[in-house]
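First comes the structure, then the notes that go with it.
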Amino acid sequence: MRSNERYRWYSSGDINAYFGLLLDNLAGLVLTVSLLVGAFGMPSDFVVGSMIPGTAIGVLVGDLLYTILAFRLASKTGRNNITAMPLGLDTPSIFGITIFVVGPAFLTAKAGGSSPDEAARFAWHIGICAMIYSGLFKVGCSFIGSSIRQAIPKAGLFGSLTSIALVIISFVPLIDIMQEPFVGLVALAIVLTCLIGQVRLPFRIPGTVAALLVAGILHYISAPILGKPLFGENSLDVGFLPTGWLDVFSFAWWQQMGVAANYLPIVIPFALATVVGGLDCAESASAVGDDYPTSHILGVEAIATLVAGICGGVIQTTPYIGHPAYKAMGGKAAYTLATALTMGFVGIVGGFAYFYMFVPKSAVFPILIFVGLEISAQSFVATPKRHFPALVFACVPALAFLAFFFVDQILGGMGIQLSGALWNEGLQSSMDQVKTAVANDPNAATAFDKVSGALTLRPDMRENLMIVLMLKNGFVLTSLIWASLLAMAIDRRMQAAAVFAAIAAVCTLFGFIHSPRIDNSLYLPFSILGESSRWTLPAELLSRVWTMAAGYSAVALLFWSWSLFLRTQPDQGPIYDANESAM
Numbered sequence: 203m204r205s206n207e208r209y210r211w212y213s214s215g216d217i218n219a220y221f222g223l224l225l226d227n228l229a230g231l232v233l234t235v236s237l238l239v240g241a242f243g244m245p246s247d248f249v250v251g252s253m254i255p256g257t258a259i260g261v262l263v264g265d266l267l268y269t270i271l272a273f274r275l276a277s278k279t280g281r282n283n284i285t286a287m288p289l290g291l292d293t294p295s296i297f298g299i300t301i302f303v304v305g306p307a308f309l310t311a312k313a314g315g316s317s318p319d320e321a322a323r324f325a326w327h328i329g330i331c332a333m334i335y336s337g338l339f340k341v342g343c344s345f346i347g348s349s350i351r352q353a354i355p356k357a358g359l360f361g362s363l364t365s366i367a368l369v370i371i372s373f374v375p376l377i378d379i380m381q382e383p384f385v386g387l388v389a390l391a392i393v394l395t396c397l398i399g400q401v402r403l404p405f406r407i408p409g410t411v412a413a414l415l416v417a418g419i420l421h422y423i424s425a426p427i428l429g430k431p432l433f434g435e436n437s438l439d440v441g442f443l444p445t446g447w448l449d450v451f452s453f454a455w456w457q458q459m460g461v462a463a464n465y466l467p468i469v470i471p472f473a474l475a476t477v478v479g480g481l482d483c484a485e486s487a488s489a490v491g492d493d494y495p496t497s498h499i500l501g502v503e504a505i506a507t508l509v510a511g512i513c514g515g516v517i518q519t520t521p522y523i524g525h526p527a528y529k530a531m532g533g534k535a536a537y538t539l540a541t542a543l544t545m546g547f548v549g550i551v552g553g554f555a556y557f558y559m560f561v562p563k564s565a566v567f568p569i570l571i572f573v574g575l576e577i578s579a580q581s582f583v584a585t586p587k588r589h590f591p592a593l594v595f596a597c598v599p600a601l602a603f604l605a606f607f608f609v610d611q612i613l614g615g616m617g618i619q620l621s622g623a624l625w626n627e628g629l630q631s632s633m634d635q636v637k638t639a640v641a642n643d644p645n646a647a648t649a650f651d652k653v654s655g656a657l658t659l660r661p662d663m664r665e666n667l668m669i670v671l672m673l674k675n676g677f678v679l680t681s682l683i684w685a686s687l688l689a690m691a692i693d694r695r696m697q698a699a700a701v702f703a704a705i706a707a708v709c710t711l712f713g714f715i716h717s718p719r720i721d722n723s724l725y726l727p728f729s730i731l732g733e734s735s736r737w738t739l740p741a742e743l744l745s746r747v748w749t750m751a752a753g754y755s756a757v758a759l760l761f762w763s764w765s766l767f768l769r770t771q772p773d774q775g776p777i778y779d780a781n782e783s784a785m
């Protein structure tokens, strides 16, 4: 029944909700900078001054629009207890875009002779293009969101999310946390106990705030004693109202749209995951009484992503699955409004630089551990129990990424290659020079041979690492396909399983998954453009691709034949959930 009571858009519960949503987003920004600067060596001033403002603007626009939707829903229903949909940076995308798109683009440009600043600008443009592709994809999905959910089982949709959340989001931040365990473990204990266990702190202090304060104090007390730096390792000089990001409006990045298309196998699955997450967020909000139109939720998400990209952002936004939790806190619309304004301020004015320098990562990153665990838990809650093995199966390709992550840094830094020549040109040239210099000294020549042998991978190790490389390349899409295929097989929907296997074969042939290239770029499965074309694979790698595709094709044939047999078995009919129907 409609109430005429005026909408009370703020309450004391908005305070807890505000700190939770804000610190989650700030942690995402810190992680973005840490990965790009720490893992790839990008110039910190460039990252903070050019990439962060646009990324923060995306959150500003998205949370403002969700705040407006809350007012509109309150006006339409006459209710005064409407809670705005929370929006923030998509944590899986932070890892996916930085590690698989922006970071590799930076290293590729540097390897081509660009200076660090030039390479960073190139990588920034690639990231912007990835955001535009993602936003356009989400605009299209806002009209067909329900059809996507019907075509792909929940195990597939959530499988790729689980693989990122459990294997990467819940692990990679631990490296920074354990570098300062006296601080990080205390913050982690507070965050997990308060946010997962819902255990109350004195004076009802929000768990995220308490973790930040306690860990911050411990850091500044213990750092001088333990010989740790008080402030961030990278000093920043972006100044008040940084202007570097305004270069985005020259639209020079548009020239890289073609190059950025190579990264679509990474970008699109992450965008699809946020679309599915948006659908689930709309459903979870409806379950607690806030019935937002699904198209509006997805539309705002798409607009925020596009705006972020146009303004130079590199991380997409997404509605957060925790709407019921924010409603339970007593949040209304003030918390999203305050988060929008704060994120806009720290991004545009330059305040984030000080947060990044003065707040220890070991105090912030425990929030990301919670996010990873929460995403994983929600995936199992939303997936039928019989499909749990499919969710776990989806994590296997992500394990390949984790196995290759540090190996790649070691081998790449040394110049050792997995295909073609044993060493890259730089290392080969150096080794040839040393070999020539010691040719007349038997002892030195013997020592050189030992060093050469140590820098040469055993054939079996080279083969194993190549397989791991192919498993990890495009693993987000691989996880989605593998989990969907297994879920369909569990449900005895063998024709659908055959379709997913056939899709995997086609994706392999063009490099969307299992690319044998170290840069994970796309290619053609034949050599019609000539050996020198970037779309052409060497014969050695092309044979690997066709072999892998043949394996998937055999699986597709197997399941199709199996479906014909099952038609003769009355007690082996396909399994459908209540909200599904036979196609």
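Read in order, the letters of the sequence shown correspond to residues 203 to 785 in my numbering.
Even for Gly, the Cβ is constructed at its ideal location relative to N, Cα and C.
Every value quoted in this text rests on a predicted model; they were computed, and no experiment measured them.
- Straight-line measurement puts the Cα of G347 at about 7 Å from the Cα of V477.
- Contact between D216 and K534 holds, with the beta-carbon distance rounding to 6 Å and staying under 8 Å.
- For G290, the pairing in a beta bridge is given by DSSP as T520.
- Boundaries for A641: no alpha helix (DSSP H) harbours it, and the DSSP string shows neither H nor E there.
- In this structure, DSSP gives L500 a helical state, which the three-state scheme calls helix.
- The Cβ atoms of S564 and E320 do not sit closer than 7 Å to each other.
- Taking a C-beta distance under 7 Å as the contact criterion, A219 and M545 do not qualify as a contact pair.
- Excluding sequence positions up to five before and after I571, its CB lies within less than 8 Å of the CB of I371, S372, P375, L376, I379, L390, V393, L394, all in the same chain and listed in chain order.
- The stretch 442-507 contains, as complete alpha helix (DSSP H) runs of 4+ residues, the segments 459-462, 466-489 (chain order).
- By the CB criterion at 7 Å, L679 and P355 fall outside the cutoff.
- The C-alpha of I334 is placed about 13 Å away from the C-alpha of G342.
- Annotation: F442 to V548 spans about 10 Å, alpha carbon to alpha carbon.
- Short of 6 Å from the beta carbon of A506, and not among the five residues preceding or following it, lie these beta carbons of its own chain, in chain order: G260, V263, G264, T519.
- Around the beta carbon of Q458, 16 or more other beta carbons sit within 10 angstroms, so the residue counts as buried.
- Collapsing the DSSP output to three states places T585 in coil.
- The stretch 670-708 contains no complete beta strand (DSSP E) run of 3 or more residues.
- At the C-beta level, P467 and G676 come within 7 Å of one another.
- Under the three-state reduction of DSSP, T658 is assigned to coil, being neither helix nor strand.
- L237 and L760 have their C-alpha atoms roughly 43 Å apart.
- Leaving aside the five residues that flank M244 on each side, the residues in its chain whose CB is nearer than 6 Å to its CB run, in chain order, L238, F308, A322.
- Annotated as distal: I299 and D492, with beta-carbon spacing of 7 Å or more.
- If you look at R746, you'll find it in the alpha helix (DSSP H) that goes 741-768.
- Looking only at L629, A286, Q611, the smallest Cα-Cα distance to I499 is reached by A286.
- DSSP, read as helix, strand or coil, puts T738 in strand.
- In the structure shown, the three-state DSSP call for L726 is strand.
- Judged by pairs of C-beta atoms under 8 Å, the stretch 483-490 does not touch the stretch 323-332, as fewer than three such pairs exist.
- Burial check for E576: the Cβ neighbour count within 10 Å reaches 16 or more, so the residue is buried.
- Boundaries of the alpha helix (DSSP H) harbouring L415: 409-428, taken from the DSSP string.
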